[in-house]
Amino acid sequence: MRAFLYFIAVVLACDSVNSLLFPGKEYGRQRNSAPAMSLFSRVRRLPRHRIIDPTEDCFLVTSEEGELFFKSPSDVPSVCGIYMIAEADKRIEVIFNYLDVPCDNGGLVAWVDGWELNGQVWPADVWDDDRVVESCDQRPKRKLLSRQNAALVQYRVPAQGKGFAITIRHLRNAKPCNVMLFGAEGVYTLRNHGETGNCSVLAVSPAAVRILDLNVGQAVKRGRLLDVETGTIHHCTKRGLPDYVDIGGAGGLDHTKMEILDSVCGLDSNEARRPAIIACEDTVVRLVSSGRYHNSVTLAFAPLSADDIDHADLICGINDL
5 MRAFLYFIAV VLACDSVNSL LFPGKEYGRQ RNSAPAMSLF SRVRRLPRHR
55 IIDPTEDCFL VTSEEGELFF KSPSDVPSVC GIYMIAEADK RIEVIFNYLD
105 VPCDNGGLVA WVDGWELNGQ VWPADVWDDD RVVESCDQRP KRKLLSRQNA
155 ALVQYRVPAQ GKGFAITIRH LRNAKPCNVM LFGAEGVYTL RNHGETGNCS
205 VLAVSPAAVR ILDLNVGQAV KRGRLLDVET GTIHHCTKRG LPDYVDIGGA
255 GGLDHTKMEI LDSVCGLDSN EARRPAIIAC EDTVVRLVSS GRYHNSVTLA
305 FAPLSADDID HADLICGIND L
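At position 112 of the sequence shown (counting the first as 1) the number is 116 in our numbering, and the numbers step up by one without a gap.
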């Protein structure tokens, strides 16, 4: 856990975030200049009740439940964020206990169902304006609940002494679809639950990805499972098959812009002989479903060594050099 949070701090320290999300506007557009700083410069485990120190926690990643308080120390219009992440089978609930952020001087607090960074949002497949709730002067009346295991509160409070308090809870997600990983290690299963749409696993790091079990485009919703395994079918998109799994990587949170190493489908209960080595900022596995089948793919993620990177199957951005 600590290794993952440290990695996030290193990666995100390369850029600065000084924008809030506004429905109907271009995401990531800069609204106010903020002093240059390292994002998540001091990431650490939070107690259940914590006062945010903007000099240390302006950009904060937390995997903890509990209550957070923020009070602005000055009238400087800096933009900060609370990046929340939970276990793969959880959703994040945020309740604003109070909010005292005046609108008239540009103050704003925005709840984001997902993550936003450098103009990119995750998960990008199902983005809509309903995933952003903006508030000032008056706190949101309802509980805010994410659709996946990551959420964000961005805020700009240019009024000394003003602020807000939130309570963070992690609730069970019966049908997880999009998952952001704590680190490039573990076993995860993606399922479409017989529904149309795309689901994904995004690991915020390079990783080795091995398919342990594959059932995509085979288990018809009304009918019996094929008795004979097809094995793993490669390059399914080139074959025109509607249900498949993309394996690749991306240079940011928007996995719809991922570079694809392979697209696979079929029925195969045997573990893949070798993993796919993805040397990208983010490792992405994306399940695309037509809704005709009950699709599932079980994946094992592992971190890369220096030798692995030298022999990677995919290095993102190499074609841009």
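Glycine residues also receive a C-beta, built at the ideal position from the N, C-alpha and C atoms.
Check: For lysine 242, count the other beta carbons within 10 Å of its own beta carbon; 16 or more makes it buried, fewer makes it exposed. Which is it?; Outcome: exposed
Check: For the candidate residues Asn177, Trp115, Thr287, whose alpha-carbon lies nearest to that of lysine 147?; Outcome: Trp115
Check: Please report how far the alpha carbon of lysine 166 lies from the alpha carbon of lysine 75, in whole angstroms.; Outcome: 5 Å
Check: For arginine 95, does the count of other Cβ atoms within 10 angstroms reach 16, so buried, or fall short, so exposed?; Outcome: buried
Check: When we look at the beta-carbon of proline 77 and count the other beta-carbons within 10 Å, is it buried (16 or more) or exposed?; Outcome: exposed
Check: Given glutamate 233, which residues of its chain have a CB within under 7 Å of its CB, disregarding the five upstream and five downstream residues?; Outcome: Leu271, Asp272, Ser273
Check: Among the residues of its own chain, which have a CB less than 7 Å from the CB of arginine 135, if the five just before and after it don't count?; Outcome: Val116, Asp117, Gly118
Check: Which residues in the same chain as alanine 169 place their Cβ atom closer than 6 Å to its Cβ, once the five residues preceding and following it in sequence are excluded?; Outcome: Phe73, Asn101, Tyr102
Check: Indicate whether valine 208 and alanine 304 have their beta-carbon atoms separated by less than 7 Å.; Outcome: no
Check: What does the alpha-carbon distance come out to for the pair isoleucine 215 and glutamate 275?; Outcome: 6 Å
Check: Would you report the Cα separation of isoleucine 99 and cysteine 181, rounded to the nearest angstrom?; Outcome: 23 Å
Check: With DSSP as the reference, label lysine 225 as helix, strand or coil.; Outcome: coil
Check: Return the CA-CA distance between histidine 174 and glycine 235, expressed in angstroms with no decimal places.; Outcome: 38 Å
Check: Among Gly110, Thr171, Thr287, Val65, which one has its Cα closest to the Cα of histidine 259?; Outcome: Thr287
Check: Determine the direct distance from the alpha carbon of proline 127 to that of glycine 329, and round the result to whole angstroms.; Outcome: Residue 329 is absent from the structure shown; the chain starts at 5 and stops at 325.
Check: Looking only at its own chain, which residues have a Cβ that is under 7 Å from the Cβ of valine 213, when we skip the five neighbours before and after it?; Outcome: Ile251, Pro279, Ala280, Ile282, Thr287, Val289, Leu303, Phe305
Check: Is the CB-CB distance between cysteine 269 and isoleucine 313 below 7 Å?; Outcome: no
Check: Closer than 8 Å by C-beta to valine 105: which residues in its own chain qualify, once you throw out the five before and the five after it? Chain order, please.; Outcome: Gly111, Leu112, Val113, Ser139, Cys140, Asp141, Tyr159, Val161, Ala163, Lys166, Gly167, Phe168
Check: Determine the direct distance from the alpha carbon of alanine 92 to that of valine 292, and round the result to whole angstroms.; Outcome: 19 Å
Check: Taking C-alpha atoms, which residue in Asp217, Met262, Lys225, Ala310 lies nearest to arginine 277?; Outcome: Asp217
Check: With distances taken from CA atoms, which of His298, Arg54, Asp57, Ile319 is nearest glutamate 199?; Outcome: His298
Check: Are the beta-carbon atoms belonging to glutamate 120 and proline 307 less than 7 Å from one another?; Outcome: no
Check: For valine 205 versus valine 249, is the C-beta distance shorter than 7 Å?; Outcome: no
Check: At 3 residues or longer, what runs of the beta strand (DSSP E) sit wholly inside the stretch 235 to 261?; Outcome: 235 to 238, 248 to 254
Check: Since threonine 59 is in the alpha helix (DSSP H), which residue starts that stretch and which ends it?; Outcome: 58 to 61
Check: So for alanine 212, helix, strand or coil by DSSP?; Outcome: strand
Check: Please return the same chain residues whose Cβ sits closer than 8 Å to the Cβ of arginine 54, not counting the five positions on each side in sequence.; Outcome: Gly70, Glu71, Leu72, Phe73
Check: Which residues share a DSSP beta bridge with isoleucine 264?; Outcome: Gly252
Check: What is the DSSP secondary structure of alanine 306, counted as helix, strand or coil?; Outcome: strand
Check: So, with DSSP's three-state summary, where would you put arginine 195?; Outcome: strand
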